[in-house]
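Presented below is the structure to which this report refers.
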Amino acid sequence: MFADASTTAVFAFFFGLYMVSGGVGLLLDPKLYENIPEELRASSIIGYLTAVVVFAIGAMTVALHNDWTNWLAILVSLVGWAALIEGVLMLAVRRSFVAMVAKFPMTPVLLRSFGVFTIGFGILFLAGAWKFPEI
């Protein structure tokens, strides 16, 4: 499936799949997500493991794909850098970082709206990966 695809297209495909899946989850069951900031703050191990995973995804993306040559590559690189920065913040100042995120009201309306935005962004990534596999 990815034999002839560029690194950008592969990252875009998996980021897009992740975003669409997460967005659908937010649309179908927003209540499941409304306590995440509090759970990240309350549980040291959940917060630490989440930070390590986010950091690793960001670091791998930046290490393998720090490409700023076209729109899709720029989006992929931005996601990688954002994940790396988020992972660093969650490792270094998790309580402050999560407290900042927790200031947003995690209402079903906000979470569903974020789900719609996330699905749209994911579709953009998937379309880019499908339409431009060589970039």
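The numbering of the sequence shown is the numbering used here, which starts it at 9 and goes up by one. All C-beta atoms, glycine included, are put in the ideal place defined by N, C-alpha and C. Small disclaimer: the values here were computed from a predicted structure and weren't measured.
Output the distance between the C-alpha atoms of residue i and residue j, rounded to the nearest integer angstrom.
i	j	result
glycine 136	serine 52	38 Å
alanine 107	glycine 66	22 Å
threonine 58	glutamate 47	11 Å
glycine 3	aspartate 12	This structure leaves residue 3 out entirely; the chain is present only between 9 and 143.
valine 60	tryptophan 138	30 Å
leucine 132	leucine 25	10 Å
serine 85	leucine 118	27 Å
Just to confirm the assignment, what range does the alpha helix (DSSP H) spanning residue i have?
i	result
leucine 118	116-139
alanine 64	52-72
serine 104	102-110
leucine 25	15-36
Please check if any C-beta of chain D sits within less than 8 Å of the C-beta of residue i.
i	result
valine 84	In the structure shown, chain D cannot be found, because there is only a single protein chain.
Flag this pair as touching only if the segment 95-109 and the segment 118-127 have three or more C-beta atom pairs under 8 Å; answer yes or no.
-> Not touching, per the Cβ criterion.
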